[in-house]
Each structure stands twice: as structure tokens, then as C-alpha cells.
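Here the structure is laid out as C-alpha cells; the discussion comes afterwards.
Protein chains: 2
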Amino acid sequence: MSKVKETSVNYENKQNLGSECTEIYAVNLINGQWTLAICCHLANGKLRFGELRKRIPNITERMLTLQLRKMEANKLVKRTVYAEVPPRVEYELTKSGLQLNPILKQLEEWGEKHRKTID
Amino acid sequence: MSKVKETSVNYENKQNLGSECTEIYAVNLINGQWTLAICCHLANGKLRFGELRKRIPNITERMLTLQLRKMEANKLVKRTVYAEVPPRVEYELTKSGLQLNPILKQLEEWGEKHRKTID
DNA sequence: CTGTATCCTATTTGATACTG
DNA sequence: CAGTATCAAATAGGATACAG
Numbered sequence: 000m001s002k003v004k005e006t007s008v009n010y011e012n013k014q015n016l017g018s019e020c021t022e023i024y025a026v027n028l029i030n031g032q033w034t035l036a037i038c039c040h041l042a043n044g045k046l047r048f049g050e051l052r053k054r055i056p057n058i059t060e061r062m063l064t065l066q067l068r069k070m071e072a073n074k075l076v077k078r079t080v081y082a083e084v085p086p087r088v089e090y091e092l093t094k095s096g097l098q099l100n101p102i103l104k105q106l107e108e109w110g111e112k113h114r115k116t117i118d
Numbered sequence: 000m001s002k003v004k005e006t007s008v009n010y011e012n013k014q015n016l017g018s019e020c021t022e023i024y025a026v027n028l029i030n031g032q033w034t035l036a037i038c039c040h041l042a043n044g045k046l047r048f049g050e051l052r053k054r055i056p057n058i059t060e061r062m063l064t065l066q067l068r069k070m071e072a073n074k075l076v077k078r079t080v081y082a083e084v085p086p087r088v089e090y091e092l093t094k095s096g097l098q099l100n101p102i103l104k105q106l107e108e109w110g111e112k113h114r115k116t117i118d
């Protein structure tokens with residue numbers, strides 16, 4: 000994560016590929032190391048920051064924050080802040096995020112089959 | 000690309016996520032920057048190394064080689080070497096690679112819709 | 001023609017400590 | 001509780017030259 004320098008060859012290449020080929024654009028939205036893990040856990044409803052952190056093993060606060068911010072920017076999750084003490088923030092999938100689920104199911108089935116063919 | 004040090008926390012995390020959650024495993028197979036571009040071009044039949052290079056703008060020989068090797072290791076593409084002079088090498092999708100195509104189509108449609116909702 | 005090798009930069013991820 | 005800040009490590013990607 001961290002900031003992306005918007006003037007690198009790498010960045011340009013990604014932009015080009017993403018704008019020509021929509022499936023590449025789509026994959027770029029979900030290819031963070033933790034993005035899908037978060038999707039999984041949010042698939043069944045909203046969760047608070049701390050709940051996500053507990054459910055996802057090994058993730059650091061930092062990475063969880065960065066991933067959630069990225070997904071928020073990509074409109075895959077919605078972030079709701081409650082002005083309370085102690086603070087409470089809830090995350091949930093957007094409509095687009097939810098529509099991704101059936102596709103991920105298929106990807107899961109494919110992965111299962113593929114893993115077997117590899118042995 | 001470059002080599003992956005098989006003793007880093009990062010590597011372990013990827014392994015863990017991939018083995019628990021098959022969709023993460025599946026995405027890891029296709030999340031190279033050029034992987035999907037190669038898939039696209041091979042979807043319609045075999046291509047030679049040089050043909051791929053010409054069709055994929057901006058890719059360097061190095062990255063094309065690395066990606067193809069990775070995809071070969073993952074059994075997404077098959078590599079056929081003809082013992083000729085000059086040398087000829089053809090790449091084609093494996094059965095698993097082909098089965099990925101309908102899923103990518105759906106991902107493409109989702110990406111299209113999603114891109115609009117973002118504005 | 002089909003790559004490899006080398007060196008370097010960009011980006012991502014992690015560990016840890018700290019804040020409102 | 002829900003983060004930020006900072007520093008360091010690891011991985012991905014690029015430029016270029018060269019080899020079988």
C-alpha cells in the first residue's frame with residue numbers, strides 16, 4: 000500500500016492495462032493480499048474494526064487500515080463512524096461488493112478443481 | 000517477480016490465506032500484472048513468444064518470460080519447444096486455463112458495471 | 001528467435017510504538 | 001477502540017546488455 004507514485008512506468012502500465020481490459024481492472028480491485036479475506040468476513044454482514052482484526056489471523060492493524068481504506072476508495076466497502084466514546088466504526092460491503100460474491104464462489108470452485116489437477 | 004524468499008512472514012501469510020480460502024488461492028494464481036493480459040491473448044489459440052511480445056504493449060522480454068514461467072509452473076499455460084533453427088516456442092492455455100475464461104468474462108461484466116457506479 | 005543475467009527502482013507488507 | 005507514524009524488510013517490476 001503506501002502511496003503510489005503516479006509517474007512511474009509501472010503505474011502507467013497498470014493504468015493502460017486496466018483501461019483496455021476490464022477484467023484486469025477488476026482484478027486490480029481485489030488483488031491486495033488481504034482484500035479477499037476481508038470480503039469473506041464481511042459477506043455475512045457488518046463488522047467492527049476490532050472484530051475484523053480478530054477474525055483475520057496475522058493481519059496487522061496497519062494493513063487492515065490500509066486495505067479498508069483502499070476498498071473504501073474503490074467503493075467495495077462502506078465505512079460508518081459512530082460519534083461515541085469509545086469510538087465505534089463499522090464496515091460493510093457495498094452493493095458492488097456484494098455482487099462480487101457469486102463470482103468469487105465460482106473462482107473458489109475453479110481453484111478447488113485446479114488445485115487437484117496440479118497434485 | 001524475482002525469487003520469493005520462502006522464509007518470510009509475508010510468504011507464510013500468503014500460504015496460510017491461500018490454503019484456508021480457495022478464492023484467495025485462485026486469485027494468487029492470476030494476480031501478476033501481466034498474467035491476465037497473457038490469458039486474453041492466448042484465449043484464442045497458441046501464440047509464439049515473439050507474437051505475445053508484439054501483442055502486449057510495453058511488456059519487457061524479462062517480464063514476459065517471468066510471467067510465462069510462473070503460469071507454466073501453475074499449469075495455466077503449456078509450453079512447447081520445437082527443436083528448430085531459429086528456435087520456436089509456442090504457448091497455449093491448459094485445460095484449467097481455458098476453464099478460467101468464463102469466470103473472467105463475468106469478472107469483466109462486473110468490472111464494467113462497477114466502473115460506472117464509481118463514476 | 002527466444003530467452004538470461006545483472007543491476008536498480010517502485011511498491012507492498014511487517015514490526016513496533018504511539019495518539020485522540 | 002480505532003486508528004497513525006515511522007522505520008525496515010521483502011517482493012515486483014523495469015532497463016539494458018548479452019547468450020544459445
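Protein chains in written order, with numbering that gives the first Met the number 0: chain A, 0 to 118; chain B, 0 to 118. Glycine included, C-beta positions come from ideal geometry on N, C-alpha and C.
1) Between the Cα of Tyr-90 of chain A and those of A:Gln-105, A:Arg-52, A:Lys-112, spot the shortest distance and give me the residue it belongs to.
2) Going along chain A, which residues have a C-beta under 7 Å from Ile-23 of chain B?
3) How many whole angstroms separate the CB atoms of Leu-16 of chain A and Ala-36 of chain B, which I take to be in contact at a CB cut-off of 8 Å?
4) If the criterion is Cβ atoms closer than 7 Å, does the pair Ala-25 of chain B and Trp-33 of chain A meet it?
5) Please go through the same chain and pick out, in chain order, the residues whose beta-carbon is closer than 8 Å to the beta-carbon of Ala-82 of chain B, but skip the five residues on each side of it.
6) Could you spell out the range, first to last residue, of the alpha helix (DSSP H) harbouring Lys-94 of chain B?
7) So, for Val-31 of chain B: in the same chain, excluding its five sequence neighbours on each side, which residues have a beta-carbon less than 7 Å away from its beta-carbon?
8) Say whether chain B places a C-beta atom closer than 7 Å to the C-beta of Lys-77 of chain A.
9) Answer yes or no: does any C-beta atom of chain A fall closer than 7 Å to that of Thr-116 of chain B?
From the atom records:
1) A:Arg-52
2) Leu-35, Ala-36
3) 6 Å
4) no
5) none
6) 94-117
7) Going by the sequence as given, residue 31 of chain B is Gly instead of Val. Gln-66, Lys-69.
8) no
9) yes
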